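For reference, the structure is listed below as structure tokens.
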Amino acid sequence: MTCERKWDGTTMEARATRERGPTGERRLSLLYLAPSLLVFAIFVFYPLGRTFYLSTMGTDIIGRANKFVGLDNFTAMFGDPGFFKALGTTALFVLFTVVPAIAGALVVVLLLESRISGQRMFRTVFALPFAFSVATASVIFALIYNPAVGMANGVLSYLGVDRIGWLTEPDLALISISITTVWMTLGYNVLVLSAGVGAIPTEVVEAARLDGATGWRLHSRITIPMLSPQLFFLIVISTIHALQSFGQIHILTKGGPDGATSTLVYWIYEKAFSYGSSDFGTASAAAIVLLVIVLVCTGIQFGVLERKVHYR
């Protein structure tokens, strides 16, 4: 009888504890999460909700929401030829920046791992652009691309080639900004891939060398497959950053010439703020489209590329 009573008492106490709600540990964990949740609520959740709200509202001359318009902002956006031009420019910009930056960083890292002298110095030199802010790097390249005294045209003049309007010719402006972006992101990519190479087990590399794998065969069979997690991470992150790039475009070309460098982010900025515009409804609708594009690209990358990632 005593054992039964003790068992019943324990059962009742445990049941009462479950019914009382969160335990002390849960309350403590929520307390630790509160600052992060507050920051996310202010800087992520509220702006996101506000964007969805403004995308369905009309605005007055100073940008205040004054009436519900439903999907009219989306209709106006899709009816604007500039929107589709900005989409095409964005796709080209992603292609011109993501692929060269990752491929270039991979080549640099493989060369640095080829037991050449001065590896530490070269690694520092290639990683140095990561220390520059977007504004600083953009100002540097604005000087390089200067049509009168810039280094780029100086080199062309030395080679006997006519000067080029790097930022004023529509066919070259986007490529020039892409080169700037590749230079800015190359250092970070080199650091990530160098860390990945350093994490490859030495016994695996030595075993491959004993089997006769050297040079490109060693890199293609061992190094690159073992770097697939870092490459996958860089592809996802670089794509998102390229889709959201703004600073270098605003500083170097302001979307010109003739909209040749106006990506979707810059088109949103022009609709909402540039030239005294306050069309927050259409800009918010375009921001939602950009969010969908980012989610779709990320989902495709996880669905297709992650299957080929070799996790050690």
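Residue numbering for the sequence shown follows the numbering used here, starting at 3 and increasing by one per position.
Ideal Cβ placement from N, Cα and C applies to all residues, glycine included.
Quantities reported herein were computed from a predicted structural model and do not represent experimental measurements.
Please state whether the Cβ-Cβ distance between L188 and S178 is less than 8 angstroms.
Residue 188 sits at position 186 when you count from the first residue of the sequence shown. Residue 178 sits at position 176 when you count from the first residue of the sequence shown. Contact: no.
Tell me, please, which residues DSSP counts as bridged to M59.
Your numbering for residue 59 matches position 57 in the sequence shown. M59 pairs with F70.
Within its chain, find whatever has a CB closer than 6 angstroms to the CB of C5; leave out the 5 residues flanking it on each side and keep chain order.
On the sequence shown, position 3 is the one that residue 5 refers to. With a pLDDT of 46 at C5, under the threshold of 50, the predicted position of this residue should be treated as unreliable, and no value is reported.
I'd like to know whether the C-beta atoms of A289 and T61 end up nearer to each other than 8 angstroms.
Residue mapping note: residue 289 aligns to position 287 of the sequence shown, counting from 1. Residue mapping note: residue 61 aligns to position 59 of the sequence shown, counting from 1. Not closer than 8 angstroms, so no.
With 16 as the cutoff for other CB atoms within 10 Å, does T19 come out buried or exposed?
As a first step, residue 19 is located in the sequence shown; it is residue number 17 there, counting from the start. The predicted position of T19 is uncertain, since its pLDDT is 49 and thus under 50; a value taken from the coordinates is nonetheless stated next. T19 should be labelled exposed.
If you measure between the beta carbons of T284 and N75, is that distance less than 8 angstroms?
Residue 284 sits at position 282 when you count from the first residue of the sequence shown. Residue 75 sits at position 73 when you count from the first residue of the sequence shown. Less than 8 angstroms divides the Cβ of T284 from the Cβ of N75.
Quick check: the stretch 191–206 against the stretch 256–263, are at least 3 beta-carbon pairs closer than 8 angstroms?
Judged by Cβ distances under 8 angstroms, the stretch 256–263 makes no contact with the stretch 191–206, as fewer than three pairs qualify.
Contact between the stretch 256–276 and the stretch 82–95 (3+ Cβ pairs under 8 angstroms)
Cβ pair count under 8 angstroms is three or more, so yes.
Less than 8 angstroms separating the beta-carbons of L245 and I295?
Translated into the one-based positions of the sequence shown, residue 245 becomes position 243. Translated into the one-based positions of the sequence shown, residue 295 becomes position 293. In this structure, the beta-carbon distance from L245 to I295 falls below 8 angstroms.
Excluding sequence positions up to five away, which residues of its chain have a Cβ less than 6 angstroms from the Cβ of P227?
The residue you call residue 227 lines up with position 225 of the sequence shown. Excluding positions up to five away in sequence, the list reads H312.
What is the C-beta distance between L39 and S286, in whole angstroms, given that I count them as a contact (C-beta under 8 angstroms)?
Residue 39 sits at position 37 when you count from the first residue of the sequence shown. Residue 286 sits at position 284 when you count from the first residue of the sequence shown. Incorrect: roughly 24 angstroms between the Cβ atoms, too far for contact.
Specify the secondary structure class of T92 as computed by DSSP and reduced to three states.
In the sequence shown, counting from the first residue as 1, residue 92 sits at position 90. In the structure shown, T92 falls within a helical segment according to DSSP collapsed to helix, strand and coil.
Roughly how many whole angstroms lie between the Cα atoms of I302 and D164?
Within the sequence shown, numbered from 1, the residue matching residue 302 stands at position 300. Within the sequence shown, numbered from 1, the residue matching residue 164 stands at position 162. Using only the alpha carbons, I get a separation of about 44 angstroms.
Could you compute how far the alpha carbon of G162 sits from the alpha carbon of H243?
The count along the sequence shown starts at 1 and reaches residue 162 at position 160. The count along the sequence shown starts at 1 and reaches residue 243 at position 241. Straight-line Cα distance between these residues: approximately 37 angstroms.
Taking DSSP as the reference, what is the three-state secondary structure of G189?
Position 187 of the sequence shown, counting from 1, holds the residue named residue 189. Residue state, collapsed to three classes: helix.
Counting only C-beta atoms, is G214 closer than 8 angstroms to chain C at any point?
Here there is only one protein chain, and chain C is not present.
Quick one: what does DSSP say W218 is sitting in, helix, strand or coil?
The sequence position of residue 218 within the sequence shown is 216, counting from 1. Helix.
In three-state terms, what does DSSP make of F275?
For this step, residue 275 is matched to residue 273 along the sequence shown. Judged by DSSP in its simplified three-state form, F275 adopts coil rather than helix or strand.
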